[in-house]
Structure formats: structure tokens, C-alpha cells
Amino acid sequence: MIGPEPARLCEAVELKSGVLMVTTSSPALAHQLRLDAETVIARLNGMDLGRRVRILRVRIGRSTPT
Numbered sequence: 017m018i019g020p021e022p023a024r025l026c027e028a029v030e031l032k033s034g035v036l037m038v039t040t041s042s043p044a045l046a047h048q049l050r051l052d053a054e055t056v057i058a059r060l061n062g063m064d065l066g067r068r069v070r071i072l073r074v075r076i077g078r079s080t081p082t
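The sequence shown maps to residues 17 to 82 in my numbering.
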């Protein structure tokens, strides 16, 4: 969806009530994901994964271990 290199720098943290939270350590990638959010959401929803994404939220930093 975003390519293998950028995908390695991202982690989907949570999908709750249609809001997908993604964390990345790259400020540049976070900016690009925010710009491309509409396209990313459309592609995810087109994959028919059983849950719909309405909003993509991007956070810079490392995800917390669960």
C-alpha cells in the first residue's frame, strides 16, 4: 500500500471506532501519511478486511509494547 521501505517504519497501533492509529519514527513519513490519508483509507477499505477505517491518525515516536 505504501511500499515496503516506508511500511517498515510504521506500526498500526490500534483501530477503534473507525480510527486507525499509526506510529512511525520518521517525521517525514508521518507528514506524507497525513497528506495521503484519504488514499490510504480508501485502499484499506477496498481490501474488505471486515472493519472500516474512517480516520487515519499518525503519531511520531515509538509504539508502546502491549
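All residues carry an ideal CB built from backbone N, CA and C; glycine is no exception.
Grab me the residues of residue 49's own chain with a C-beta within less than 6 Å of its C-beta, minus the 5 sequence neighbours each way, in chain order.
Excluding residues within five positions, the ones whose Cβ falls inside 6 Å are 74.
Is DSSP giving residue 82 helix, strand or coil here?
At residue 82 the pLDDT is 49, less than 50, meaning the model places this residue with poor confidence; the figure from the coordinates comes in the next sentence. Looking at residue 82 - three-state DSSP - the assignment turns out to be coil, as it is neither helix nor strand.
Between the alpha carbons of residue 65 and residue 42, how many angstroms are there, rounded?
Distance from the CA atom of residue 65 to the CA atom of residue 42, rounded to whole angstroms, is 27 Å.
With DSSP as the reference, label residue 69 as helix, strand or coil.
Reduced to three states, the DSSP call for residue 69 is coil.
Would you kindly report the start and end of the unbroken beta strand (DSSP E) that includes residue 51?
In the DSSP annotation of this structure, residue 51 is not part of any beta strand (DSSP E); the continuous alpha helix (DSSP H) holding it starts and ends at 43-51.
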